[in-house]
Amino acid sequence: MGSCFSTSKSVLPLITSVISSQIPLTSQYDQNSSLLLNPYMNKIHEITTQKEFDDLINNKLNVNVLIVCDFYANWCPPCLQIAPILYQWALNDYKTSVIFLKINIDNNIDLINNFSINILPTFILFKQGKEIYRLIGANSSNLKREIDKFK
1 MGSCFSTSKS
11 VLPLITSVIS
21 SQIPLTSQYD
31 QNSSLLLNPY
41 MNKIHEITTQ
51 KEFDDLINNK
61 LNVNVLIVCD
71 FYANWCPPCL
81 QIAPILYQWA
91 LNDYKTSVIF
101 LKINIDNNID
111 LINNFSINIL
121 PTFILFKQGK
131 EIYRLIGANS
141 SNLKREIDKF
151 K
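Counting with full-length UniProt numbering, you get residues 1 to 151 for the letters of the sequence shown.
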């Protein structure tokens, strides 16, 4: 799918058929069991501050859960192309095993600088509060392989 340089200032119309408001709120109970689910599962979280990111990464509920961070921009075509795939994964394939975060680089300068994001999209996988893998570019098959390896 490709990648974009985050220093680009071109503005493209936002073309995506899937928006975050279409993602349902997490159910506290799985339909097939009475197990309490992690409230961060089964949706994609838009992170807007460093504190919000730190709180989620360091939350004790998430200590053994794989967290996938998608650093993106609304003007980046590859970011827009892979977005529906991530929503599909969050709602179906990995709904109880992976937490997905989206971080808009235009609104999160601190996070961009802290993680040295220069090319979009960039995916960083975390487990136990630590970065364990980084993928640059919208390669969904490589990303899925790494998620499956670390989940």
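Ideal Cβ placement from N, Cα and C applies to all residues, glycine included.
Item: Range covered by the beta strand (DSSP E) that runs through D70; Value: L66 to Y72
Item: Alpha carbon of I112 to alpha carbon of I105, nearest angstrom; Value: 6 Å
Item: As assigned by DSSP and simplified to three states, the class of N147; Value: Going by the sequence as given, residue 147 is Ile instead of Asn. Looking at I147 - three-state DSSP - the assignment turns out to be helix.
Item: Of the listed residues D70, I47 and T48, nearest to L135 (C-alpha basis); Value: D70
Item: Run of the alpha helix (DSSP H) containing K43, from where it starts to where it stops; Value: Neither: K43 is in no alpha helix (DSSP H) and is coded neither H nor E.
Item: Cβ shell of L86 (< 7 Å), same chain only, five flanking positions each side left out; Value: I44, D70 and F100
Item: Residue(s) in a DSSP beta bridge with V98; Value: L66
Item: Straight-line gap, D148 to V65 (C-alpha atoms, nearest Å); Value: 12 Å
Item: Per-residue burial, T122 [other beta carbons within 10 Å of its own, 16 or more giving buried]; Value: buried
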